[in-house]
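For the sequence shown, my numbering begins at 47 and goes up steadily by one. Where a beta carbon is used, it is the ideal one built from N, C-alpha and C, also for glycine. If you're wondering where the values come from, they're calculated on a predicted model, not measured in any experiment. Taking it in order: structure first as structure tokens, then the write-up.
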Amino acid sequence: MTTLLIAEHDNKTLNGVTAKALTAAIALGGPVHVLVAGEGAGAVAEAAGKLSGVEKVLLADGPAYGHRLAEPLAALIVSLAGSYDAIVGPSTAMVKNVLPRVAALLDVMQISDIMKVV
Numbered sequence: 047m048t049t050l051l052i053a054e055h056d057n058k059t060l061n062g063v064t065a066k067a068l069t070a071a072i073a074l075g076g077p078v079h080v081l082v083a084g085e086g087a088g089a090v091a092e093a094a095g096k097l098s099g100v101e102k103v104l105l106a107d108g109p110a111y112g113h114r115l116a117e118p119l120a121a122l123i124v125s126l127a128g129s130y131d132a133i134v135g136p137s138t139a140m141v142k143n144v145l146p147r148v149a150a151l152l153d154v155m156q157i158s159d160i161m162k163v164v
């Protein structure tokens with residue numbers, strides 16, 4: 047079961063909530079890949095790659111992702127979704143804006159604000 051984790055960041059630094067969401071992604075079992083989508087976010091991708099439990103980091107770097115708008119980010123995630131069994135993100139405003147769109151585009155149910163994976 048491969049999981050895609052959406053990184054929360056400001057294009058310069060990785061937000062600590064990403065590591066918390068990583069804990070849940072690891073609990074699902076299988077490899078975890080982190081998606082860093084931003085503009086000039088290479089340092090964020092490097093930081094994500096240093097997190098324990100991350101197998102691969104995907105960097106989508108371009109102006110379309112620089113302001114973390116939901117529409118382009120949702121389209122990107124949907125384009126990657128076929129390779130993943132689960133898509134996980136931290137409980138942040140950005141992720142709460144993006145993942146419902148992803149769920150609708152994929153015609154799947156979203157589960158929000160998970161407290162614990164058992």
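Secondary structure of residue i, DSSP reduced to three states
i	result
Leu122	helix
Ala106	strand
Ala53	coil
Gly95	helix
Gly135	coil
Leu68	helix
Gly76	coil
Among the options, nearest to residue i - alpha-carbon criterion
i	options	result
Asp131	Val63, His79, Leu97	His79
Leu119	Lys102, Glu101, Leu151, Lys58	Leu151
Thr138	Ser158, Ala121, Val154	Ser158
Check whether residue i and residue j have beta carbons under 7 Å apart
i	j	result
Leu104	Leu81	yes
Gly95	Ile72	no
Leu51	Val164	no
Val144	Val124	no
Ala83	Ala65	no
Thr59	Gly76	no
Leu97	Leu126	no
Cβ neighbour criterion (16 or more within 10 Å) applied to residue i
i	result
Ala87	buried
Thr54	The sequence shown places Glu at residue 54, rather than the Thr named in the question. The residue in question, Glu54, is buried, as its Cβ has 16 or more Cβ neighbours within 10 Å.
Ala91	buried
Pro109	exposed
Distance cut-off 6 Å: residue i Cβ against heavy atoms of the ligand ZN
i	result
Leu152	This structure lacks the ligand ZN, and indeed carries no ligand of any kind.
Neighbourhood of residue i by C-beta distance below 7 Å, restricted to the same chain and skipping five residues each side
i	result
Met140	Glu54, Arg114
Glu101	Pro77, Val78, His79
Ile160	Ala70
Leu74	Met47, Thr49, Ala132, Val163
Val154	none
Close-in-space but distant-in-sequence residues of the same chain around residue i (CB under 6 Å, 5 per side omitted)
i	result
Ala93	Leu60
Cutoff 8 Å; reference residue i; Cβ partners in own chain excluding five residues on either side
i	result
Pro136	Ile52, Glu54, Asn61, Val63, Thr64, Lys66, Ala67
Asn57	Gly84, Glu85, Gly86, Ala87, Val90, Gly112
Chain D within 7 Å of residue i, Cβ atoms only
i	result
His55	In the structure shown, chain D does not exist; there is a single protein chain.
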